[in-house]
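Colleague: Sharing a structure, written as structure tokens. Questions coming.
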Amino acid sequence: MDTHVPVDRREFLKGSTGVLTGVLAAGSPLALIAPSRVWAADLRVLTSAEGATLMAVTRTIAPHDGLEDAAYAIVVQSTDADAVKDESLRKLLKEGVATLGPSFATAPESERVAALRKIEQTPFFQTMRVKTLGTLYGTEMAYRYFGYEGEAFSKGGYLFRGFNDLRWLPEVPLADSGPMPVPAP
């Protein structure tokens with residue numbers, strides 16, 4: 015049985031309001047595991063410009079210079095998906111983006127930080143902060159970037175998987191392991 019359903023470009027675009035796109039850096043850990051270096055995030059409520067502004071908000075809230083934009087785009091796409099179902103969230107996002115202005119996404123980091131500090135007590139900022147921290151650090155991309163191997167229970171626990179991965183301690187020869195002898199008085 016053929017499950018392939020042809021998608022017309024016009025039909026695809028009709029269902030979306032905006033799109034975020036990008037390219038993974040050639041040497042990044044994500045480029046090594048991704049099926050393609052090109053990525054796109056389809057937005058149903060937000061426009062491309064609003065999505066770019068929210069991506070700049072998430073990058074400013076959780077700045078990691080080496081983390082790919084694709085990880086931040088996942089946060090924006092997840093927020094957009096929530097806004098499809100929640101009219102009050104949709105309104106909050108649209109008003110928050112409008113407050114930041116059209117140049118926020120391209121502004122230098124110091125200006126973005128200053129702009130966010132001015133609104134950090136608002137429901138918009140608090141919503142984006144919670145969404146960013148909850149979504150960004152729960153993605154496979156962030157796991158790869160930070161070297162987190164995931165939960166260990168399903169893989170047999172940490173005893174033989176990560177327990178002895180202390181790279182910052184010097185190796186101790188097995189013959190010298192054990193308690194130190196106490197000198198005689």
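Numbering follows the numbering used here, in which position 183 of the sequence shown is assigned residue number 197; successive positions increment by one, without gaps. No residue lacks a Cβ here, since even glycine has one placed at the ideal position from N, Cα and C.
Would you say the stretch 109-116 touches the stretch 132-142, given that touching needs at least three Cβ pairs under 8 Å?
Modeller: Touching, per the Cβ criterion.
Colleague: Rounded to the nearest angstrom, what separates Leu-27 and Glu-109 at their Cα positions?
Modeller: Numbered from 1 along the sequence shown, position 13 holds the residue referred to as residue 27. Numbered from 1 along the sequence shown, position 95 holds the residue referred to as residue 109. With a pLDDT of only 49 at Leu-27, under 50, the local geometry of the prediction cannot be trusted, and the value read off the model is given with reservation. Using only the alpha carbons, I get a separation of about 24 Å.
Colleague: How should Lys-145 be labelled, buried or exposed, when 16 other C-beta atoms within 10 angstroms of its C-beta is the threshold for buried?
Modeller: On the sequence shown, position 131 is the one that residue 145 refers to. When all chains shown are included, Lys-145 counts as buried.
Colleague: Throw me the rounded Cβ distance for the Ala-121 and Ala-87 pair, which I believe falls under 8 Å.
Modeller: Residue numbering aside, residue 121 sits at position 107 when the sequence shown is read from its first letter. Residue numbering aside, residue 87 sits at position 73 when the sequence shown is read from its first letter. Between Ala-87 and Ala-121 the Cβ distance is about 19 Å, and since that is not below 8 Å, they are no contact.
Colleague: I want to know whether the stretch 140-154 touches the stretch 65-81 - three or more CB-CB distances under 8 Å.
Modeller: They touch, by the three-pair rule.
Colleague: Counting pairs of beta carbons, one from the stretch 155-167 and one from the stretch 89-108, are three or more of them closer than 8 Å?
Modeller: Contact fails: fewer than three Cβ-Cβ distances are below 8 Å.
Colleague: Leaving aside the five residues before and after Ala-198 along the sequence, list all residues of the same chain whose C-beta is less than 8 Å from its C-beta, in chain order.
Modeller: In the sequence shown, counting from the first residue as 1, residue 198 sits at position 184. Closer than 8 Å at Cβ, skipping near neighbours: no residue.
Colleague: For a test of the three-state rule: what should DSSP assign to Asp-83, helix, strand or coil?
Modeller: Position 69 of the sequence shown, counting from 1, holds the residue named residue 83. Looking at Asp-83 - three-state DSSP - the assignment turns out to be helix.
Colleague: For Asp-94, which residues does DSSP report across the bridge?
Modeller: Position 80 of the sequence shown, counted from the start, is the residue given in the question as residue 94. In DSSP, Asp-94 forms no bridge with anything.
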